[in-house]
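Position in the sequence shown counted from 1, then plus 4, gives you the numbering used here.
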Amino acid sequence: MEIDQNENEIDEGLYSRQLYVLGHDAMKKMSSAHVLIVGLKGLGVEIAKNVVLAGVKSVTIYDPQSVQISDLSAQFFLTVEDIGKTRAEATRPRLAELNQYVPVSILDGELTLDKLKKFKVVVLTECPLEQQLEINDYTHENDIYFISADVRGLFGSVFCDFGRSFTVVDTTGENPLSGMIAMVSKDKEGVVTCLDESRHGLEDGDYVTFKEVAGMTELNDCEPRKIKFLGPYTFSIGDTTTFDDYVKGGIFTQVKAPKQLEFASLKDRLETPEYLISDFAKFDRPAQLHIGFQALNKFTSNNNGSLPRPRNEEDALQVLTFARDISAKMKEEIELDERLLKELAYQAQGYLSPMCALIGGIVAQEALKSLTGKFHPIYQHLYFDSLESLPKSVSLTEESCKPLNSRYDGQIAVFGCQFQQKIANNRQFLVGAGAIGCEMLKNWGMMGLGTGAEGLIHLTDMDTIEKSNLNRQFLFRASDVGQLKSETATRAIVKMNPEIEGKVIPHQDRIGVDTENIYNDDFFENLDGVTNALDNVDTRKYVDRRCVFFRKPLLESGTLGTKGNTQVVIPFLTESYSSSQDPPEKSIPICTLKNFPNAIEHTIQWSRDLFEGLFKQQPENVNLYLSQPKLYRSGAEADGKSGDKEILEGLHNCLVKSKALFFEDCVNWARQQFEEYYHNTILQLLYNFPRDSVTSSGTPFWSGPKRAPDAIQFDPNNNLHLDFVLTAANLRAFMFGLKGETDREVIKTMVSKVEVPPFTPKQGVKIQVQENENISQSTSQSDLEDIIQSLPKPSSLAGFRLNAIEFEKDDDTNFHMDFITAASNLRAQNYAISIASRHQTKFIAGKIIPAIATTTALVTGLVCLELYKLIDGRKNLEDFKNGFVNLALPFFGFSEPIAAPEFKYHDTKFTLWDRFEIDGDITLQGFINHFKEKHDLEVTMVSSGVSMLYSFFMPKKKLDERLPMKLSKLVVAVSKKPLPSHVKSLVMEICVNDRDGEDVEVPYVRVKIRE
């Protein structure tokens, strides 16, 4: 069922991850735009899929050609039963299922120019050059955005024309830079100095505005000022001599200036091929392929629409002749790469799902750019090739690449039938069935991966499908919400390629230490490789360790909005995924969170912590007290720390002081919390540090990043104040198993009856001022005893339990995000910080990873191009590529994987992939002797996991006991844990001295104890 989409109302539940990439303004522009896509083979359907998922007003498709068996090589919405139907007719209903807000229709009749008027953007795929030129001339004159794209084997091309005057409103998609300033000089330079701890990040030519500047207040009202970079903490804004003297404070904010682009028509760009882009490592390729694709078009028009035959020399030479003619007519004749152009001809009939995914992701994003002005478009040609993916292990001949009337003919035309068998017999483990997992599985299904007699795909994902997944995890539909991802994805891919039925084994077990009995030695040893499709760094590292241990190649990838990366991990060649890592997230100092916030991120984190403390930790502590009360008494007696008092006060609050029997009790409690956090605590802080306080050095205390707060007086008619009480009361009611209330008038009436005691600041209350300051205060034993004595005995509360609330960001009915938004914005008002929308708050509090379908498609395409090489058995580092892309810029960069670092003992070199192998469950003494006799190494320590099995300084009695013991029995004896039956090997870490008595690093030891 299609639902009419109002461009002023965006379904944030569906588009939540995409909204954090594109923003509401761009989404509204998209939701009013009509898109035409011409050509529904693999590339066309990939583009259409991504555009429909993105949420435009409507998509119209056009392809009157009949479905052929070869179309199934990459067109995932076609089946054998569709042969004979038109591609558009067969594809439309399956496209329409993707998004209930986007109607999909078929353009009837001939594709005439007058039918293009209603569309905002026209996308052509695999159309004859003459048709491209005719349509582009019309679109260029009528302000219709135009994109044409083509995929030929391992080659792809894209052309964009967005008209004579196109405005890019945001070239990068990055958030504007902002920072606090410490000084502005009053002179011709106007030097702005930022606080010492934060680099400004600006570049020459950027524009900034100012706010909250004291003294030099004219800056607050100025138009954006162009800056000159002076250093990481300073920049110049020009003459400030006419302004008042700077006093203190101020925040700068970068202003993004729109960029105007003038596009030429395809006809003009064919003759003057400027601005050609490609993989930036192949600078010579774009000009060659610019001519090559024209030569292919010439060949096709001269041969009744037929493309060159796979690996046919005669046809390739004809293409080469056309290329020479085209080159000779260009203003600057180019020396042709004949091998490259012949390869293009050889592969012209080839059709690869990974290439369609890659180019389709790029083109769909360009279509969205044209509609929104968000991100910098391709200007104007892009060419891409992955010739390095051609196999070296098989011979490619005209005979081996000829069509077999098979659904894989498009792939066979490039790689040959022998390599197709290798693909079919590959055994892969796909970890994750989310966005990347769905795209990967789709590509594998089209490739025929695992469909052979020896082939297999294992797929694991323990999650169930949520509404927000549907925007980019395209194997799932609205009716699948709540079902397991792995099982649903398996059913979906079997529909796309029935030959894979029974060859995909879905699992629902999280991969980790606790499931090594499932993903055991036999499991890994029977794999050819592992592909990660995860959004969890810890799990990625675990899978990486397993791949290193079992010496299996690993394909890694990830996306972040428009950015994507791919990594190839190859045994004995490359470093592993865990060899390098991103720097840790910058944490917010505790003193900033508790007392001195200066940015909305600080108040959001504070409110997120508040939620955790009030609605999860407190009820968990209550339930623990009711089941194990002695823990709290013994803990209190231990040291009397204030942390114990906070826990005990929480128990007292829930079980005595504010125990809720009715919803009115919850409202009373919520109103008191408002007073505590936004009034009393602020007055206490100002009592400790009055506004005119100075530090020991004489500088004002409330300066730099410290903002002097203001207490808030509760007003029931203020929506934000009432939001806090309403959401807090309903969450409290859920904790106590009470029915909530959402009628605001009812809440107001209840609040009006609440008596709030007056507040008097207390002396001797210590407040944390510095990050490293220890403010732990001991609480007297008598105070703790008083609290403990006031608690009811657990026996008097038999059967009583509270509901601990686990934070869930994506349920709009559970009050979680509403509470955090209200709590954060109230604190922001305390400190005169600009408040954030619920949407912004959800992004930060929920630590949401922004995601769009286009980047996911592109990244999985790149991964599969590397998978071809792994299946081919490549052993040279230079054959592989790690990818780094950003569709917003657009940027496409590739580099060789980093080689595994080498280490050395004696004259033996080793890497992380090497280890000592011992076959048999030998004694500890035999283990030590083995290294002395075989490797001339003196073992000084042996450990297994966290268990120390041997050290040279152990007492003699203990050594005498352990040396004769078999290693397996020794591990059990020391760890006091039995060895699980699935464990076939023990991993030992050893410290050794070399023949010179020097301590040297050596590989770990694998001791095989079972067959």
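For every residue, glycine included, the Cβ atom is placed at its ideal position computed from N, Cα and C.
- S948 carries a strand assignment under DSSP once its states are collapsed to helix, strand and coil.
- Taking C-beta separations shorter than 7 Å and ignoring five residues to either side along the sequence, the partners of L47 in its chain run T129, E130, A153, V155, C360, I363, G364, following chain order.
- With fewer than 16 other Cβ atoms from the protein chains shown falling within 10 Å of its own Cβ, I522 counts as exposed.
- DSSP lists no bridge partner for L531.
- Annotated three-state conformation of S582 is helix, per DSSP.
- With a threshold of 16 other beta carbon atoms within 10 Å, V127 meets it and is buried.
- DSSP links V188 through a beta bridge to V196.
- In this structure the region 216-228 touches the region 183-196; the number of beta carbon pairs closer than 8 Å is three or more.
- Taking 8 Å as the cut-off, the Cβ atoms of I926 and K1012 do not count as close.
- In the DSSP assignment, D29 falls within the alpha helix (DSSP H) that extends over 16-34.
- Taken in chain order, the complete alpha helix (DSSP H) segments of 4 residues or longer contained in the region 536-597 are 541-554.
- The three-state secondary structure of Q258, taken from DSSP, is strand.
- Distance between E650 and T845, taken at the CA atoms: about 28 Å.
- The beta carbon of S756 sits closer than 8 Å to those of P720, all from its chain and outside the five residues before and after it, given in chain order.
- Counting only runs of 3 or more residues that sit fully inside the region 211-240, the beta strand (DSSP E) segments are 211-215, 232-235, 238-240, in chain order.
- A check of alpha carbon separations from S399 across T376, Q424, M31, K980 identifies Q424 as the nearest.
- For N886, the enclosing beta strand (DSSP E) begins and ends at 886-890.
- For T912, DSSP records a beta bridge to Y909.
- DSSP places D727 within a helical segment (H, G or I) once states are collapsed to three.
- It is roughly 6 Å from the alpha-carbon of I837 to the alpha-carbon of I604.
- Take the alpha-carbon of I852 and the one of F214: they are about 29 Å apart.
- For R343, the uninterrupted alpha helix (DSSP H) segment begins and ends at 342-350.
- Unbroken alpha helix (DSSP H) runs of no fewer than 4 residues, entirely contained in the region 413-501, are found at 413-428, 439-451, 489-500, following chain order.
- When C-beta atoms of the region 70-78 are compared with those of the region 373-393, fewer than three pairs fall below 8 Å, so the two segments do not count as touching.
- R289 is not a Cβ neighbour of Y383, given a cutoff of 8 Å.
- For a cut-off of 8 Å, the C-beta gap from I366 to L862 is around 6 Å, short enough to register as a contact.
- At a Cβ-Cβ threshold of 8 Å, Y546 and R711 do not count as neighbours.
- Distance from the CA atom of R966 to the CA atom of M444, rounded to whole angstroms, is 50 Å.
- Judged by their CB atoms, P107 and S36 are not nearer to each other than the 8 Å cut-off.
- Going by DSSP, C360 is part of the alpha helix (DSSP H) stretching over 357-376.
- In this structure A664 is in contact with A737, their Cβ atoms being roughly 7 Å apart against a cut-off of 8 Å.
- The three-state secondary structure of K53, taken from DSSP, is helix.
- Note that the C-beta distance between L881 and A903 is below 8 Å.
- Contiguous beta strand (DSSP E) elements confined to the region 825-902 occur at 886-890, 895-899, taking only those with 3 or more residues.
- In this structure E679 is buried. Its beta-carbon is surrounded by 16 or more other beta-carbon atoms within 10 angstroms.
- Taking a C-beta distance under 8 Å as the contact criterion, F804 and L655 do not qualify as a contact pair.
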